[in-house]
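A quick write-up on the structure given underneath.
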Amino acid sequence: MASREDRHGARIEDRTVSGASTERGAGPIGSSLYQPSVLLRHAMKGSVRSLGPALTAPAAGFDPAPRAPGAPGLSSLLGATLAVGAAAGFLELAAMAIPIHVLHRVGLSTLRISRHVAWMIPVAEVLVTVLVVLMLVAPVLAWSAWRAGRRAPARPVSWAWGWAGAVLGTMLWLGPLLAVRGLHAAAALTIAVCAGIRSRRLLVRPTPGWQRGSCWAGAIVLGGLPVYAFWQWDRVVRAEERAWSGPASSAPNLLWIVMDTVRADHMSLHGYGRPTTPQLEAWARQGICFDQARSAAPWTLPSHVTMFTGLWPFEHGARVDRPYVGASPTLAEHLAAHGYATAGFAGNTGMCNAIYGVGRGFDYYVELVLNHEVSVRTTMLNSALGTWALYLGRRLGLPVPAPFVIPHRRLAPELIAHSRDWLERVCRRNQAGPPASRRPFFLFVNFMDAHSPYLPLPGATQPFWTGPYPERRQAIPEVGWRAVQARDAAPADRRAERQRELDQVTRRLSDLYDDCLRGLDTQLGNFLGGLRGQGLLEETWVVITSDHGEHFGEHDQFGHGTSLYNALTHVPLIVIPPLRGAGSATDPFAALRGRRIGVPVSHRELAVTLTDLLVPGADNPFPGRSLARHWGPGGPAAPDPILSQMEEQHLEGEEVQSDRVLKRDSVIDEDHLLIVSSRNAPELYDLLEDRQNLRNLSGQPAQVARVERLMRALDRLRQPPAGLGADAIADDRTPPIDSRQDLHAVAGSPQKPILR
2 MASREDRHGA
12 RIEDRTVSGA
22 STERGAGPIG
32 SSLYQPSVLL
42 RHAMKGSVRS
52 LGPALTAPAA
62 GFDPAPRAPG
72 APGLSSLLGA
82 TLAVGAAAGF
92 LELAAMAIPI
102 HVLHRVGLST
112 LRISRHVAWM
122 IPVAEVLVTV
132 LVVLMLVAPV
142 LAWSAWRAGR
152 RAPARPVSWA
162 WGWAGAVLGT
172 MLWLGPLLAV
182 RGLHAAAALT
192 IAVCAGIRSR
202 RLLVRPTPGW
212 QRGSCWAGAI
222 VLGGLPVYAF
232 WQWDRVVRAE
242 ERAWSGPASS
252 APNLLWIVMD
262 TVRADHMSLH
272 GYGRPTTPQL
282 EAWARQGICF
292 DQARSAAPWT
302 LPSHVTMFTG
312 LWPFEHGARV
322 DRPYVGASPT
332 LAEHLAAHGY
342 ATAGFAGNTG
352 MCNAIYGVGR
362 GFDYYVELVL
372 NHEVSVRTTM
382 LNSALGTWAL
392 YLGRRLGLPV
402 PAPFVIPHRR
412 LAPELIAHSR
422 DWLERVCRRN
432 QAGPPASRRP
442 FFLFVNFMDA
452 HSPYLPLPGA
462 TQPFWTGPYP
472 ERRQAIPEVG
482 WRAVQARDAA
492 PADRRAERQR
502 ELDQVTRRLS
512 DLYDDCLRGL
522 DTQLGNFLGG
532 LRGQGLLEET
542 WVVITSDHGE
552 HFGEHDQFGH
562 GTSLYNALTH
572 VPLIVIPPLR
582 GAGSATDPFA
592 ALRGRRIGVP
602 VSHRELAVTL
612 TDLLVPGADN
622 PFPGRSLARH
632 WGPGGPAAPD
642 PILSQMEEQH
652 LEGEEVQSDR
662 VLKRDSVIDE
672 DHLLIVSSRN
682 APELYDLLED
692 RQNLRNLSGQ
702 PAQVARVERL
712 MRALDRLRQP
722 PAGLGADAIA
732 DDRTPPIDSR
742 QDLHAVAGSP
752 QKPILR
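Going by my numbering, the residue at position 91 of the sequence shown is 92; the numbering climbs one at a time, nothing skipped.
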């Protein structure tokens, strides 16, 4: 017996064929049945059969979409999954790269970004997306296909199409949203699910055309993604080899050693009472020792950038949350353009990280070894989605890899081994080619052994600290800060006892630091001695310095990054000419052996000095004046004013609140140090008579004229040089300190800075 819908369809067909339309405006379908909303609803549901044969007849002028097929096949589903995973991967890559390369913002999580991140994120997204689809969608589609095969109602098949589209839509947006800094994972998941549901019909369409297109898209991803990954991998691993394709040079080599956190007045080289640096004392006799060298900043990042660019900290703008992205070249970039093979090995894995711009210009730069590792683990952990997937797997008890433990530092034996391996590669390439293809090297090594925690290498000598080595938490500056706070908070009758405890902590930390410095001195002596034995120092300039010092109770401070006193800005500086002919009558640098220069000099002048020494006659893009003026026949020249700057930055999460950045500037001139702060009144110290900076002279009437002169010198130093306009300086930095009147005091007590 015909159904009611069939009878209605027959009547519609009869009236259409006969043309007997009795209602005004009636077309092929009578007005009694012509309801556009009903037709639209039926069309969206794909139920064109219920409207009868008249709607599907050619005379009706309506060509309906093909009827939805059964559950999507495995090939079309896999193709759509691969396409969505690849698209999500490149979206996540953009979400990661835009803050770094466009907005120039750096967070703690970006320090472990692999050199291979350009291909690791898309690959990780594809792997996770395929896994999720196989777990959540494939069983549903298999069940739907089984139901369709038994001629069950079509609703489960339609629902399966919607479910597949929702899952793929969620995966399209989840990874990029997880990569957005500051967005909680739960919020990212919620947004991704909502966006996935809304976009499900755009990603999965129950049409033969979609199935063919998804198969083609999957084939393109399956064939193209490995090619793209190999191209990116090859671009990274062959960067050093490509550098050798440039023009060669006969210039001398450069070995630049930075001893992180080494203060000059704790070195026997500079008159310290303990024999902490006997090896460096011997090596200093082979070159020039600057007794009053000054760093441009009291912590690692701005100090290194100043050394490499010749720019003052306010000019290059590098700080905890911002890399150096200026147009001025680094020394490595300049030497690489003149035929040098360049490499850098940093023990400070945080502030010497390549993401900050410290590694600019180096063909091969290693701080975190894991940033060069290629494995499934690193591939997953470089993706926000991959990291989240591994986290969920661990919560479920699955045997998945744990996150990387980022080492705070790498010690001298590892750095020396890597440096020797690289130098051997350079020597082999130079020996394998013709003499005209010889390439000089620039090797930079940052040693972290004297940095906290003050724990010497296992098996090292223990000449100064007589007790057993403490645990790590008892060998860091925070112990000193806590002792200061305990003394200040103690009642009057306990103050003396708390002071004795503070003195004990200070002595322990200082003794451990001296042991670490002695161990580093031994490592450096062995390293340099081995290079000399191989003949590598015959044509090599050697620079040995430090980026900043360390507080051990002076002004009730510990660690670094908190002041501009001598304890943090007075650093060693040794410049050793090539040892070719050293000690003989034919030594071309005999006049420079054993020289000591007592006038104050700045790290800022190293880049311009080394450029003049290594590539004389070439354009020198670095500001300042060469230090060679101090070792000429006329003796040391009059010193230039020296600027040092600091920003006391409080890192909260991964962002720095610019309105809470406290600035300090200092200038050294006329054998005096002037410190100007946004918190305190100006401070004036005599560098010759008060090396500990204990007697502030700024309030004395006899020093008013000197303070005014030094303030004018400070104002001149803080003026951007020609060619470096205000646009090159970061736009959200705090306003410059008014050197003639103090700014309002910043509320709240100063906090300990992050470990740098």
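Ideal placement from N, C-alpha and C gives every residue a C-beta, glycine not left out.
Given 8 angstroms, three or more beta-carbon pairs between the region 594-605 and the region 331-350:
With the rule of 3 Cβ pairs closer than 8 angstroms, the region 594-605 does not count as touching the region 331-350.
Rounded to whole angstroms, how far is the Cβ of glutamine 475 from the Cβ of aspartate 516, which I believe are closer than 8 angstroms?
Along the sequence shown, one-based indexing puts residue 475 at 474. Along the sequence shown, one-based indexing puts residue 516 at 515. That belief does not hold up - the Cβ atoms of glutamine 475 and aspartate 516 are roughly 14 angstroms apart, past 8 angstroms.
Rounded to whole angstroms, what is the Cα-Cα separation between glycine 318 and leucine 412?
Start at 1 with the first residue of the sequence shown, and residue 318 comes out as number 317. Start at 1 with the first residue of the sequence shown, and residue 412 comes out as number 411. Taking C-alpha positions only, glycine 318 is separated from leucine 412 by approximately 29 angstroms.
Closest to glutamate 555 by C-alpha separation, out of Tyr341, Val485, Thr612 and Leu628, would be which residue?
Indexing the sequence shown from 1 puts residue 555 at position 554. Nearest option by C-alpha distance: Val485.
Nearest-angstrom Cα distance between tryptophan 144 and leucine 190?
As a working note, residue 144 is residue 143 in the sequence shown. As a working note, residue 190 is residue 189 in the sequence shown. Between tryptophan 144 and leucine 190, the alpha-carbon positions lie close to 27 angstroms from each other.
Residues near alanine 125 in its chain [Cβ-Cβ closer than 6 angstroms; skip 5 each side]:
For this step, residue 125 is matched to residue 124 along the sequence shown. Annotation for alanine 125: Thr380, Met381, Ser384 and Gly387 place their beta carbon closer than 6 angstroms to its own, counting only its chain and skipping 5 residues before and after.
Host alpha helix (DSSP H) of serine 77 (start-end)
Residue 77 sits at position 76 when you count from the first residue of the sequence shown. Serine 77 -> alpha helix (DSSP H) spans 75-98.
How about threonine 278 and leucine 270: are their beta carbons less than 8 angstroms apart?
One-based indexing of the sequence shown puts residue 278 at position 277. One-based indexing of the sequence shown puts residue 270 at position 269. Yes, they are a contact pair.
Sequence ranges, alpha helix (DSSP H) only - wholly within the region 297-381, length at least 4
Within the region 297-381, the complete alpha helix (DSSP H) runs of at least 4 residues are 301-310, 314-317 and 332-338.
Taking the CB atoms as reference points, tell me whether glycine 345 and glycine 360 lie closer together than 8 angstroms.
The sequence position of residue 345 within the sequence shown is 344, counting from 1. The sequence position of residue 360 within the sequence shown is 359, counting from 1. Result yes, Cβ atoms of glycine 345 and glycine 360 sit closer than 8 angstroms.
Measuring CB to CB, does arginine 286 end up less than 8 angstroms from glycine 595?
In the sequence shown, residue 286 corresponds to position 285, counting from 1. In the sequence shown, residue 595 corresponds to position 594, counting from 1. For arginine 286 and glycine 595, yes; Cβs fall inside 8 angstroms.
Does the region 368-379 come close enough to the region 105-117 to have 3 or more Cβ pairs within less than 8 angstroms?
Enough Cβ pairs lie closer than 8 angstroms, so yes.
Between the alpha carbons of arginine 483 and leucine 503, how many angstroms are there, rounded?
The residue labelled residue 483 in the question sits at position 482 within the sequence shown. The residue labelled residue 503 in the question sits at position 502 within the sequence shown. Each residue's CA atom was taken as its position, placing arginine 483 and leucine 503 some 9 angstroms apart.
Identify the continuous beta strand (DSSP E) that holds valine 446 and give its terminal residues.
Start at 1 with the first residue of the sequence shown, and residue 446 comes out as number 445. Residues 442-448.
Per the contact definition of three or more C-beta pairs closer than 8 angstroms, is the region 192-210 in contact with the region 159-169?
Three or more Cβ pairs drawn from the region 159-169 and the region 192-210 lie within less than 8 angstroms of each other, which places the two stretches in contact.
Please return the same chain residues whose Cβ sits closer than 7 angstroms to the Cβ of arginine 113, not counting the five positions on each side in sequence.
Translated into the one-based positions of the sequence shown, residue 113 becomes position 112. If we look at arginine 113 and ignore the five residues flanking it on each side, its Cβ neighbours are Leu369, Leu371, Asn372, Phe405 and Ile407.
Ignore the nearest five residues each way along the sequence and tell me which others in glycine 700's own chain have a CB closer than 6 angstroms to its CB.
As a position in the sequence shown, residue 700 is number 699, starting the count at 1. Result list for glycine 700: empty, nothing under 6 angstroms.
Would you please state the rounded distance, in angstroms, between the beta carbons of proline 573 and methionine 308? I believe it to be under 8 angstroms.
Reading the sequence shown from its first residue, position 572 is the one you call residue 573. Reading the sequence shown from its first residue, position 307 is the one you call residue 308. At roughly 13 angstroms, the Cβ-Cβ gap does not stay under 8 angstroms, so proline 573 and methionine 308 are not in contact.
Name the residue from Pro702, Tyr566 and Leu695 whose alpha carbon lies nearest to the alpha carbon of leucine 644.
Here the question's residue 644 lines up with position 643 in the sequence shown. Among Pro702, Tyr566 and Leu695, the Cα nearest to that of leucine 644 is on Tyr566.
Does the region 444-455 come close enough to the region 250-258 to have 3 or more Cβ pairs within less than 8 angstroms?
Yes, since at least three Cβ pairs between the region 444-455 and the region 250-258 fall closer than 8 angstroms, the two stretches touch.
Can you tell me whether DSSP reads phenylalanine 590 as helix, strand or coil?
Along the sequence shown, one-based indexing puts residue 590 at 589. Correct three-state label for phenylalanine 590: coil.
Reduced DSSP category for methionine 121 - H, G, I as helix; E, B as strand; rest coil:
The residue you call residue 121 lines up with position 120 of the sequence shown. Methionine 121: helix per DSSP, three-state reduction.
Length-filtered (4 minimum) alpha helix (DSSP H) runs lying within the region 549-615:
Qualifying alpha helix (DSSP H) stretches, in chain order: 567-570 and 607-615.
Can you tell me whether leucine 438 is buried or exposed, with buried defined as 16 or more other CB within 10 angstroms of its CB?
Along the sequence shown, one-based indexing puts residue 438 at 437. Just to set this straight, residue 438 is serine in the shown sequence, not leucine. By the 10 Å Cβ count, serine 438 comes out exposed.
Report yes if the CB atom of glycine 468 is closer than 8 angstroms to the CB atom of threonine 507, and no otherwise.
For the purposes of this step, residue 468 is taken as residue 467 along the sequence shown, with counting starting at 1. For the purposes of this step, residue 507 is taken as residue 506 along the sequence shown, with counting starting at 1. For the pair glycine 468 and threonine 507, the CB atoms are not nearer than the 8 angstroms cut-off.
Just curious, the alpha helix (DSSP H) that glutamate 802 is in, first and last residue?
Outside the shown range of the chain, which is 2 to 757, sits residue 802, and nothing can be said about it.
Can you say whether tryptophan 423 is buried or exposed, counting buried as having 16 or more other CB atoms within 10 angstroms of its CB?
Working through the sequence shown from its first residue, we reach residue 423 at position 422. It counts as buried.
In the DSSP output, which residue or residues are listed as bridge partners for tryptophan 160?
On the sequence shown, position 159 is the one that residue 160 refers to. Beta bridge pairing from DSSP links tryptophan 160 with no other residue.
Within 10 Å of its beta-carbon, does proline 37 have 16 or more other beta-carbons around it, so buried, or fewer, so exposed?
Here residue 37 is taken as the residue at index 36 of the sequence shown, counted from 1. With a pLDDT of 48 at proline 37, under the threshold of 50, the predicted position of this residue should be treated as unreliable, and no value is reported.
Which one or two residues does DSSP pair with isoleucine 545 in a beta bridge?
Along the sequence shown, one-based indexing puts residue 545 at 544. Ile258 and Ile575, per the DSSP bridge assignment.
Cutting at 6 angstroms between CB atoms, please list the residues of its own chain near phenylalanine 559, excluding the five before and the five after it.
To locate residue 559, count along the sequence shown from 1; it is residue 558. Around phenylalanine 559: Pro478, Gly481, Trp482 and His552.
Consult DSSP for aspartate 670 and reduce its assignment to one of helix, strand or coil.
For the purposes of this step, residue 670 is taken as residue 669 along the sequence shown, with counting starting at 1. Judged by DSSP in its simplified three-state form, aspartate 670 adopts strand.
On the premise that asparagine 694 lies in contact with leucine 674, defined as a C-beta separation below 8 angstroms, what is that separation, rounded to the nearest angstrom?
The sequence position of residue 674 within the sequence shown is 673, counting from 1. The sequence position of residue 694 within the sequence shown is 693, counting from 1. The C-beta separation of leucine 674 from asparagine 694 comes to about 7 angstroms, placing the pair in contact by the 8 angstroms criterion.
With burial defined as no fewer than 16 other Cβ atoms inside 10 Å of the residue's Cβ, what is the status of histidine 102: buried or exposed?
To locate residue 102, count along the sequence shown from 1; it is residue 101. Burial is judged here by how many other beta carbons sit within 10 angstroms of a residue's own beta carbon; histidine 102 has fewer than 16 and is exposed.
Distance, Cα to Cα, valine 168 vs valine 401?
Within the sequence shown, the letter at position 167 stands for residue 168. Within the sequence shown, the letter at position 400 stands for residue 401. Using only the alpha carbons, I get a separation of about 23 angstroms.
In the DSSP assignment, what residue or residues form a beta bridge with tyrosine 686?
As a first step, residue 686 is located in the sequence shown; it is residue number 685 there, counting from the start. Per DSSP, Leu674.
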